[in-house]
Each structure stands twice: as structure tokens, then as C-alpha cells.
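Mapping of the sequence shown onto our numbering: position 463 corresponds to residue 547, and the numbering continues sequentially without gaps.
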Amino acid sequence: MKSLLLYIICFSCFTLKAQDNDIVYLNDSKILRVGPKLEIYEDTTNTLSIDQVIQLKKFKNHHKTIPAFGLSKSTYWAKFEFVNNSDYEDFILEFNKVDVLKLDLYFKNKNSTSFTHQPMKLNRKKFSGRMFLFNLNIPKNNSLSIYIKFKSNWSVTFPVKISAKEQMLHKLFDEELINGLYIGIFLIMIFYNLFIYFSIKDKSYLLYVAYIFLFLLFQLNENGFFYKYFLYKSPYLYGVAVKTLPIITGIAAIYFIRDFVNAKKYIPKIDRFHIIIIILYIGCLFLAFDEKYNHFAFVYLNIISLTAALYALLVGIAVILKGFKPAWFFLIAWSILIVSIFQFTLSSLGILPYFPITDHSLKIGSVFEIVLLSLGLANRINVLKLEKEASQAQALQLINEKKSLIENQNTQLESMVAERTHKLEIRNQIISKKNEEKSIMMREIHHRVKNNLQMINSMVRIQSRYTNKGNTKDSLKEVERRIQTMALLHEKMYQSENLVEINVKEYIQSILTDLLSIYSIDKKITYEINISELQYGTETILFLGLLINELITNTLKHAFNDQNNGHITIFLKVYDKDSHQLIITNNGSKIDIDKFNNSKSLGQRLIKNFVKQLDGTLTIDNAVNTTFTILFKVIS
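Next up, the structure:
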């Protein structure tokens, strides 16, 4: 009897000890978290084998639900003892982590002398789970020593669970169902909002779709879907996805948030800081692909993401204070997401107590977020529509006011224009009457001047008949033709409708005709006049006519003495913007240029004086024919 009692006491003590140090699985146990019982050792050399690690005896228990060690390039070993006191024999150990470079499982029961080795690739053929699952057979009332060898480029954590196979598969099925619902909700929101975008062409919906699509890709990658279905045979592409998706998602979130709350409009100064966050994200991207520093990228990314999350909260609060009500939807949605992330993280690290809903808190929070943001977008569109309608109504009112003002101004302007026009008409009538009177008076003056010149000319002609001296008679004739030239000008002015300007060609042709009738009675002299359609004032045409009179007279008197026929050409044209050019050419006897220039005769002095009055220059050329070239300016 005493022996039996002693046996029971010893067995009870042994069982109690097993519960304190080992993981004991009973019939009523469900899925057990191994973390608090894990003993862990860091192999900084990355070279130790299972036997060498056991001999070192340097394992330490960290008493955490999910032991975490941050970024490290070391190989980590974890061990625990599993005691099966249930009726189950088939168990599954789940290593709930995707970003794995190396994962090996070693185990042996108390009767074995060597470890059984399950490498990572072997177990993935047994089950189609997204995470790493190891199949274990543990007889009833038996124990198993389990060692896990793990290496990662990212954060080192040990999210290890163990359960009977049936319960684990039920749990995996439930998780896949929840994940399917989660993905379905995201896809519905993506296609629904994409349809709205194509309907109303508002870029906010496109940014929203881009953000939640990238967020979905990020979650699928974090939960192992990409690794399971696409990237299992391409670790490099999986590494690229791990590095790029969180960064791109963060950048997309920043741009969506800015557009959603109209940050540029309401808080332009705070809005400028988004550029700094974008630059930090891009810097993190380069750091992640740098082999030397990529192990810092995870810490750097967490710091940037936390900064971006707090910045987004600040933006939401600031815009709400500015009176933009749709920002409330964003602030509530973003707060729910941040709380769910903190709750999931703290629960995973064992800081908060574990509840069944804990594993799905991030999914629940993100679903609430995208639904609230979608509702917020609809509310935002309605608010902007109301603001637009109010703005249009205000603009229409301003247009009507301006239209009324313009109509009043037009009425006043028409009245003023009519009054001013009437005054101008009266004034124009007065001016026209005065101009007509002046025109009549000017014609009368020109007519009287012409008659007086004709009378003087007749008196000179009569006087020349009673003069016997040759020189005196010639002088009187020259005076006569000069008077005639001036009389012709006044006659043209009298006959012209324009009392200020007359036709130059007609005037010069009249002078030439009169001179030829006087000096070429017994000679056959032809002429050619090439003059542009020019109009000169009285003063210019007077001096030009007198100058032509002197030059043609001189030509007719001296150039054709030795010949019975001759030809005279007169060209008058615009030379440049400031000067006109007169060219008189004859094919008679060549003139002695020096004698002409040095002559002291009245005609020569008159020619020089007329050229001077026209502010011109006289050039004579007798290389072939005799050519007089006068470059002059029109007198204003």
C-alpha cells in the first residue's frame, strides 16, 4: 500500500514537472503556441550542425509568445519538448512565416538515438498550406524532442504552433475561407470603384483603386499566397516583392490621402512634407537592394511607415479643422487600420493577451478601412458637387450682375456715343463748310496768281519784242519761261481737287511740252518720262519744276546745236525711305563738267540754289550720255 502511494506521488511529481517545462498535449487541447516554451540559440558562424548545437548547451528561454530578434544574418536554433498525453498520434507543426532562406526540422523520441531530419522543401510537398507545415507522428503517452533551424534576410521571429492534424487542417480551412472572403471583399471594392472611375472620370477613384490593389498585393505576399502559387521556385522574385511592395504601397497611400482630403488646397504648407516621405521611401528602396546594408532596410522601412502613418493622421486632423467634412471618413478609417496593426503586432509579440479574433484583426481593420474610404469618396464627391453647384450659382449670379452692369454701361455708352456723334457731325459740318470756303478761296487765289503771272509774262514778252539787243532779249525769254513754269504750277493747283498735292508726272510733262515748243522749232527732239505715281507738296513741286526747267532749257539751248534730232529722258523715283531721285539724260553733245560747275551764270546759280532748297545733291556724268542725277528730300 505504501509502495503504491509512493508511486502515485512520484508520477504526479513527474507529470507536474512535464507541464512546467514541456508542451503537453491533452484531448481537450486545441492549437498550442510554442513560443513561451521555446529555448533559442544564435549561431553567428552559420556553420554548426545539430550535434554541435546540442553539445554547446547554450539555449535560453525568452518566455514570449513569438520570440523576435530583429534583423540578423545569423542562423537560429530553437528547441522544445512535446509530450502527447492525448488520444491523437498525427500532429502538424506550423511555422507561420514566409520570408525564409533556410528552415529545417530535427526530432527524435525518447527511445531514439538519432534525429530525423525534415528539410524545408520536403514538407511543402505534403500539404498545400501557404506557410511551412511539418507532419509529425507521436504515439500516445510519448514525447518528442524537436529542434528548428531557421535563417532569414528579414526579421527573425518564431511564430510556431502545433496541434493534432485534424484540428490544424480545420484551422487551415477556416483561415483559407476567411482569406477568400477578405480577397473577395477587396476585389469587389476594386472593380466597383474602377467602374465608378470610368463612369465619372474622377482621379480620386483611380488613386483609391491603385492604393487598395497594392495593399491587397502586399497582404497576399505577407500571407504567403505569392510564395505558394507563383514564387516558390523563384526566391529572387519573392525577395524583390518583399522589398518593393510595402514601399510602393506606402507611396500610393500618401498620394491617395493627399487627393482624398484636398491637402494641397486646405493645408498647402503641411502638404509639402509629403515629398520628404516619398524621398525616404525611395531611399529605403535603394537600401533594400544594397547587399551591404539591406539588413537595415526593414528597420528603416518600419520607421518610415510609422512616420507616414502619423503624418497621415496629422493631415486628416488639420483638414478637418479647415472644415472639410469628408476628411472624417479618412480619419476614422485610418485610425481603425492603425489600431488593428498595433493590436495584431502587440498580440503577436505577446504583449497583449491572445484571443481567437487576434489573428484576423489586421484583416478586419483593413476591410473597415477600405469600406469607410469608399463611403468617404462618395461623400467627398457629393460635397464637391454641392460646392461646385454653389460656386456655379455664385458665378452665374456674378455673371448676371456683370451682364446687367454691362447692359447699363452699354446704354449709357450708346447715349454718350450718340451725343458725341451728333456733336462731331455738327463740328464736321462746320469744318467741311470752312474747308469748302477755304478751298474756294485757295482756288481763287491760285487763279488770280496764275492770271497775274500770265499778265507779267505777257508784259515781259511784249517788252522782249521791243528790245533789239540779243542778250537782253534772251534774258527776257528765260524770265518768261520761269514765270510760265510757276504759272503752270498754280494752274495745276487750281485745276486739282487736292489743293495740297498735285500729280507730279502731269506737271513735269506740261513743263517739258512748253519748253520743247519754244526751243526745238527746227529740230526733232523726242522725250521719255518715267515717273512713279508720286504726289508732292507745293513747295517741293515748285523747286523741282524750276530745277527741271533750268536743266531742260540748258539742254535744249546747248546740247543739240550740232544735230537735228535728239532724245531726253526724265526718271523720277523713290530712292530710299528718306530720299527721292531725279535723273535727266540727253544724247546730245557731252557737257564740260568743269566748265558747268565753275560757271557763274544766273542759270547755274539758280540750279545750285534749287538743289540746296531741296536738301539734295547734284551729280553729272558724261561717260556715254550727259546725265544729271539729283538726290533730294521731299519738303514736309
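Quick reminder that beta carbons are idealized off the backbone N, C-alpha and C, glycines included.
**Prompt:** Can you round the beta-carbon distance between E623 and I719 to whole angstroms, since I take them to be within the 8 angstroms contact cut?
**Reply:** The sequence position of residue 623 within the sequence shown is 539, counting from 1. The sequence position of residue 719 within the sequence shown is 635, counting from 1. The Cβ separation is near 5 angstroms, so the contact holds.
**Request:** Could you check the C-alpha separation between A294 and Y276 for me, to the nearest Å?
**Result:** Your numbering for residue 294 matches position 210 in the sequence shown. Your numbering for residue 276 matches position 192 in the sequence shown. Distance between the alpha carbons of A294 and Y276: 13 angstroms.
**Item:** Continuous alpha helix (DSSP H) assignments of at least 4 residues falling wholly in the region 615-669
**Value:** 622-642
**Request:** From the DSSP output, in three-state form, read off K144 for me.
**Result:** The residue given as residue 144 occupies position 60 in the sequence shown. Strand, per DSSP.
**Request:** Identify whether K192 lies in helix, strand or coil by the three-state DSSP scheme.
**Result:** Taking the sequence shown and counting its residues from 1, the one referred to as residue 192 is at position 108. Residue state, collapsed to three classes: strand.
**Prompt:** Thinking C-alpha only, which one of I632, N681 and K679 is nearest S665?
**Reply:** Here residue 665 refers to the residue found at position 581 of the sequence shown. Sequence inspection shows Gln at residue 665; the Ser mentioned does not correspond to that position. Looking at the Cα atoms, I632 is the closest of the given residues.
**Candidates Y190, N225, F199 and D135, of which the one nearest N169 by Cα** = Translated into positions along the sequence shown, residue 169 becomes position 85. Comparing Cα-Cα distances from N169 to each of Y190, N225, F199 and D135, the minimum goes to N225.
**Asked** For the putative contact between F191 and S229, defined by C-beta atoms under 8 angstroms, what is the C-beta separation to the nearest angstrom?
**Response** For the purposes of this step, residue 191 is identified with residue 107 of the sequence shown, where counting begins at 1. For the purposes of this step, residue 229 is identified with residue 145 of the sequence shown, where counting begins at 1. Correct: roughly 6 angstroms between the Cβ atoms.
**Request:** Determine which residues share a DSSP beta bridge with K163 and list them.
**Result:** Translated into the one-based positions of the sequence shown, residue 163 becomes position 79. Answer by DSSP bridge pairing, in chain order: E123 and Y231.
**Request:** Starting from the Cα of L300, find the closest Cα among S236, D174, L265 and N681 and give me that residue.
**Result:** As a working note, residue 300 is residue 216 in the sequence shown. Comparing Cα positions, the closest option is L265.
**Message:** Using 8 angstroms as the cut-off, can you tell me whether the region 685-696 makes contact with the region 644-651, which would need three or more C-beta pairs spanning the two stretches below that distance?
**Reply:** no
**Request:** May I have the straight-line CA-CA distance separating K157 from I150, to the nearest angstrom?
**Result:** Translated into positions along the sequence shown, residue 157 becomes position 73. Translated into positions along the sequence shown, residue 150 becomes position 66. C-alpha separation (whole angstroms): 19 angstroms.
**Message:** For H358, count the other beta carbons within 10 Å of its own beta carbon; 16 or more makes it buried, fewer makes it exposed. Which is it?
**Reply:** If you number the sequence shown from 1, residue 358 lands on position 274. When all chains shown are included, H358 counts as buried.
**Request:** For the alpha helix (DSSP H) holding H201, just list the boundary residues, first then last.
**Result:** Counted from its first residue, the sequence shown places residue 201 at position 117. Counting along the chain, H201 falls outside any alpha helix (DSSP H), though it belongs to the beta strand (DSSP E) covering T200 to P203.
**Prompt:** Do you know offhand how far S227's Cα is from M204's?
**Reply:** In the sequence shown, the residue the question calls residue 227 occupies position 143. In the sequence shown, the residue the question calls residue 204 occupies position 120. About 23 angstroms.
**Message:** Residues in the same chain with beta-carbon distance under 8 angstroms from S389, minus the five sequence neighbours each way, listed in chain order, please.
**Reply:** By one-based count along the sequence shown, residue 389 stands at place 305. Cβ neighbours of S389 beyond the five flanking positions: P330 and G334.
**Request:** Assuming G308 and V345 form a contact by the criterion Cβ under 8 angstroms, report the distance between their Cβ atoms to the nearest whole angstrom.
**Result:** Along the sequence shown, read from residue 1 onward, the residue named residue 308 stands at position 224. Along the sequence shown, read from residue 1 onward, the residue named residue 345 stands at position 261. Wrong, their Cβ atoms sit about 34 angstroms apart, outside the cutoff.
**Request:** Assess, as a yes-or-no matter, whether the region 279-299 is touched by the region 451-471 under the definition of 3 or more beta carbon pairs within less than 8 angstroms.
**Result:** yes
**Message:** Measuring only the C-alpha atoms, how far is D286 from Y350?
**Reply:** Counting from one through the sequence shown, the residue named residue 286 turns up at place 202. Counting from one through the sequence shown, the residue named residue 350 turns up at place 266. Distance between the alpha carbons of D286 and Y350 is about 19 angstroms.
**Prompt:** Taking only runs of the alpha helix (DSSP H) that begin and end inside the region 288-359, which ones reach a length of at least 4 residues, in chain order?
**Reply:** 309-313, 319-344, 347-350 and 352-355
**Prompt:** How many Å lie between K353 and I362 at the Cα?
**Reply:** In the sequence shown, residue 353 corresponds to position 269, counting from 1. In the sequence shown, residue 362 corresponds to position 278, counting from 1. Spanning the two alpha carbons is a distance of roughly 16 angstroms.
**Request:** Keeping to the same chain, check which residues put their C-beta closer than 8 angstroms to that of I420; ignore five residues upstream and five downstream.
**Result:** The residue labelled residue 420 in the question sits at position 336 within the sequence shown. Counting only Cβ-Cβ distances below 8 angstroms, and skipping sequence neighbours, we find G449, F452, E453 and L456.
**Request:** Given a cut-off of 8 angstroms, decide if L459 and F413 are closer than it, judged by their beta-carbon atoms.
**Result:** Stepping through the sequence shown from its first residue, residue 413 is reached at position 329. Stepping through the sequence shown from its first residue, residue 459 is reached at position 375. Against a cut-off of 8 angstroms, the Cβ pair of L459 and F413 comes out as a contact.
**Request:** Using DSSP bridges, identify the partner residues of T701.
**Result:** Translated into positions along the sequence shown, residue 701 becomes position 617. Its beta-bridge partners are L715.
**Prompt:** With burial defined as no fewer than 16 other Cβ atoms inside 10 Å of the residue's Cβ, what is the status of M252: buried or exposed?
**Reply:** If you number the sequence shown from 1, residue 252 lands on position 168. With 16 or more other Cβ atoms within 10 Å, it is buried.
**Asked** When we look at the beta-carbon of S424 and count the other beta-carbons within 10 Å, is it buried (16 or more) or exposed?
**Response** Taking the first residue of the sequence shown as 1, we reach residue 424 at position 340. Buried, since its Cβ has 16 or more Cβ neighbours within 10 Å.
**Asked** With a CB to CB cut of under 7 angstroms and the five nearest residues on each side skipped, what residues in its chain are close to G700?
**Response** For this step, residue 700 is matched to residue 616 along the sequence shown. Cβ within range, chain order: I714, L715, F716 and K717.
**Request:** Mark F712 as exposed unless 16 or more other C-beta atoms lie within 10 angstroms of its C-beta, in which case mark it buried.
**Result:** As a working note, residue 712 is residue 628 in the sequence shown. Answer is buried; the Cβ neighbour count reaches 16.
**Request:** Take the Cβ of Q202 as the centre, count every other Cβ of all protein chains shown within 10 Å, and call the residue buried at 16 or more, exposed below.
**Result:** Residue numbering aside, residue 202 sits at position 118 when the sequence shown is read from its first letter. Counting Cβ neighbours within 10 Å, Q202 comes out buried, since at least 16 surround it.
**Asked** Are R464 and S288 close, meaning C-beta to C-beta below 8 angstroms?
**Response** Taking the sequence shown and counting its residues from 1, one reaches residue 464 at position 380. Taking the sequence shown and counting its residues from 1, one reaches residue 288 at position 204. Yes, the Cβ-Cβ distance between R464 and S288 is below 8 angstroms.
**Prompt:** Do you know how far the Cα of G621 is from the Cα of Y659?
**Reply:** The residue labelled residue 659 in the question sits at position 575 within the sequence shown. The residue labelled residue 621 in the question sits at position 537 within the sequence shown. Using only the alpha carbons, I get a separation of about 18 angstroms.
**Message:** Helix, strand or coil for V501? Go by DSSP, reduced to three states.
**Reply:** In the sequence shown, counting from the first residue as 1, residue 501 sits at position 417. Of the three classes helix, strand and coil, the one that applies to V501 here is helix, per DSSP.
**Prompt:** Excluding sequence positions up to five away, which residues of its chain have a Cβ less than 7 angstroms from the Cβ of K245?
**Reply:** Walking along the sequence shown from the start, residue 245 turns up at place 161. I115, L116, R117, V118, E178 and N180.
**Request:** On the DSSP bridge assignment, give the partners of E612 in chain order.
**Result:** Here residue 612 refers to the residue found at position 528 when the sequence shown is read from its first residue. Paired residues: T653.
**Asked** In three-state DSSP terms, what is A707?
**Response** For this step, residue 707 is matched to residue 623 along the sequence shown. Residue state, collapsed to three classes: coil.
**Prompt:** Whose C-beta lies closer than 7 angstroms to the C-beta of I338 among residues of the same chain, with five residues either side of it excluded?
**Reply:** On the sequence shown, residue 338 is found 254 positions in, with the first residue counted as 1. Answer for I338: H358, I361, I362 and A392, listed in chain order.
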